[in-house]
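To keep things clear, I will list the structure first and then write my remarks on it.
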Amino acid sequence: MQRCEACLQLEVDGRRRTPHDGLRMVNSQPVERVLESGVRARTLQFVCRHCDTHWTLCDADQSLFVHWIAARPAGSLPAELSAAVALPAIRPAA
């Protein structure tokens, strides 16, 4: 399935803080992670109601911006692999 217009706009402007209206939060508890650079970050998972694209919102310490990372549409990967595809360079915080 192709991305909807709102997801395409989010992909272009990936540093905006607010999700578009079609995004549904998958888990309301942020996950603490450590980037390869050693910076701590919090991530939240979202899924688009319109096109089923998975999104990860990453808010890193010492950064003025957040980053939206798009993964493949839901159903294209097993659930246990989808998180690994979305954030390959991040490991859980200790």
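Going letter by letter, the sequence shown gives residues 1 to 94 in UniProt numbering.
Every residue, glycine too, gets a C-beta built ideally from N, C-alpha and C.
{"Check": "Burial state of Leu23, where buried means 16 or more other Cβ atoms lie within 10 Å", "Outcome": "buried"}
{"Check": "Collapsed DSSP secondary structure at Arg3 in the structure displayed", "Outcome": "coil"}
{"Check": "Leu64, buried or exposed, once every other Cβ within 10 Å from all chains shown has been counted against 16", "Outcome": "exposed"}
{"Check": "Per-residue burial, Leu44 [other beta carbons within 10 Å of its own, 16 or more giving buried]", "Outcome": "buried"}
{"Check": "Pair within 8 Å by beta-carbon distance, Val39 and Val26", "Outcome": "no"}
{"Check": "Buried/exposed call for Arg16, threshold 16 Cβ in 10 Å", "Outcome": "exposed"}
{"Check": "Nearest to Asp59 (by Cα), restricted to the options Cys4, Val34 and His20", "Outcome": "Val34"}
{"Check": "Outcome for Gln9 when other beta-carbon atoms lying within 10 angstroms are tallied against a minimum of 16", "Outcome": "exposed"}
{"Check": "Rounded separation between His54 and Asp61 - CA only", "Outcome": "23 Å"}
{"Check": "Continuous beta strand (DSSP E) stretch holding Gln45: start and end", "Outcome": "Arg40 to Cys48"}
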